[in-house]
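Residue numbers (our numbering): 27 to 286. We put the beta carbon where it would ideally sit given N, CA and C, even for glycine. Please read the structure below before turning to the comments.
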Amino acid sequence: MLERNQSFDIKFNNKNEIQKILEHVLENKLLFSTNITKLGNSLLRINYFNKNTNKQSQKDNRITILKEHDKRVYIQINGDLNDVQIRQLWRELEESLNKSENSITNIEKIQSKNEIIELIKNRIENRGYSIKKEEIITFIDNFIEEYGRLPKSNEFNSIVKGYIIIVNDEEISSITDLTHNKNNFEVLNPILENHQKNLSTNFYENRILSIEKKIGRRKCPNCGNKGLIHEVDDKTIIILDYPRIYGKKKRCAECGLEFR
């Protein structure tokens, strides 16, 4: 006769999740109806029965779940389940617990902040750019403050693309700023001409760009103020739709001019 009592490790689950797994197997695989009786914080009972059979004759059909301590749960099967059904019940429960443990283990692996920083850094560098680790740390910290979580793996590529867009936008802005200096007018045309060539379909190939972000210290092109330039979100530039991440622009606290 098959063993009707077993103890399971539940380090990533609780007895309520065990209950749901057992209910699912009883109702959807073995085609019983069920109801639950709670007998305290650490003990509950699943009553199972066949609707086509007198319910009174099935009063001993029950599965008792006892939480032994933080990491283990004890399960006892009583009633009409035969060896084939009991074997299926144990197998389904073990598979579900293993799947849950593996899934949570994988989530924990990708939720390491340092690993995410290294992944994003590597992806940026693999596209021909170089970036300081401190800049990614700042970005991740801002992301956590905004959304209350770390970026998910399916968001990494969008973050990388968004960073490259910002860098290229800053490069274009720095070249365009030369128009404010009449003495540089003669050298402006060849610089822009070369830059247009770089913006061809091969723009991302064979280029190494050092990203050194200027955080709020660029000179205002309108009033010349250098000390009160702040970086703010530019909501006309959407880098990532979900979660919503915007590009940046600079705002002069002296005259109110906004520029990139």
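Item, Value
"Best match in 179, 154, 140 for proximity to residue 164 [C-alpha to C-alpha]", "140"
"Sufficient close CB pairs (3 or more, under 8 Å) joining the region 59 to 67 to the region 111 to 125", "no"
"Cβ shell of residue 145 (< 7 Å), same chain only, five flanking positions each side left out", "182"
"Interface flag, residue 258 vs chain C, CB-CB below 8 Å", "Any reference to chain C falls outside this structure, which holds one protein chain only."
"Residue 70 versus residue 152: straight-line alpha-carbon distance, rounded", "54 Å"
"C-beta contact flag for residue 59 and residue 77 at 8 Å", "yes"
"Boundaries of the alpha helix (DSSP H) in which residue 149 is found, first to last residue", "139 to 152"
"Limits of the alpha helix (DSSP H) - the one that residue 58 falls within", "From DSSP, residue 58 is part of no alpha helix (DSSP H); its letter is neither H nor E."
"Residue 187, DSSP secondary structure in three states", "helix"
"Cβ-Cβ separation, residue 273 to residue 263 (assumed contact under 8 Å), whole Å", "3 Å"
"Straight-line gap, residue 176 to residue 143 (C-alpha atoms, nearest Å)", "10 Å"
"Collapsed DSSP secondary structure at residue 123 in the structure displayed", "helix"
"For residue 169 and residue 279, the rounded distance between their alpha carbons", "25 Å"
"Unbroken beta strand (DSSP E) run spanning residue 275, endpoints", "271 to 278"
"Residue 156 in three-state terms, based on DSSP", "strand"
"Residue 69, enclosing beta strand (DSSP E) - first and last residue", "69 to 75"
"Reduced DSSP secondary structure (H/G/I, E/B, other) of residue 36", "coil"
"Residues bridged to residue 255 [DSSP beta-bridge criterion]", "278"
"Length of the line joining the Cα atoms of residue 285 and residue 180", "32 Å"
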